[in-house]
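Using our numbering, the letters of the sequence shown map in sequence onto residues 16 to 124. We treat Cβ as the ideally placed atom computed from N, Cα and C, and that holds for glycine. In this text, all values refer to a predicted model and were calculated from it rather than measured experimentally.
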Amino acid sequence: MRLRLTQVVLAALLVGLAGCDFREETGFVEVKKSFASLAVGDTLVLNSATLDLGARSSLVVQQPTGTASIQLKHGETSRKLCEFAVRKNRVVTVTLASANGSLRCSVQS
């Protein structure tokens, strides 16, 4: 009986670990906005991923560890709003606010 229970527990553990990807270390970026909406034609980009906040006030995105940046793109031009470090299994909160007609970025890790 005890051997069977041990086998079941080990099988469940192996199935659970099979879904984990240990090769790539990742962290999380929470993007919060405190403004109504972006100007027409503007998009927010986190590294190479386009952020679509829509009507939401926040969004959480999984990113590889290292340096990340948020850029504001308008057509072919882009402007870097902020740059920050993404650490393994940690959450970095980036708050975007409108000040004097332009977007500002504050980072909290």
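- [ ] Take the Cβ of K95 as the centre, count every other Cβ of all protein chains shown within 10 Å, and call the residue buried at 16 or more, exposed below.
- [x] Position 80 of the sequence shown, counted from the start, is the residue given in the question as residue 95. With fewer than 16 neighbouring CB atoms inside 10 Å of its own CB, K95 falls in the exposed class.
Open item on the list: Which residue wins for smallest C-alpha separation from P79, given the options S93, A64 and S73?
Closed with: Translated into positions along the sequence shown, residue 79 becomes position 64. Nearest option by C-alpha distance: A64.
Open item on the list: Does V75 pass the burial test, meaning 16 or more other C-beta atoms within 10 Å, or should it be called exposed?
Closed with: If you number the sequence shown from 1, residue 75 lands on position 60. Its Cβ having fewer than 16 others within 10 Å, V75 is exposed.
Task: Length-filtered (3 minimum) beta strand (DSSP E) runs lying within the segment 37-118 - done: Look at the segment 37-118 and you find these whole runs of beta strand (DSSP E), each 3 residues long or longer: 41-48, 57-61, 64-66, 73-79, 81-89, 92-101 and 106-114.
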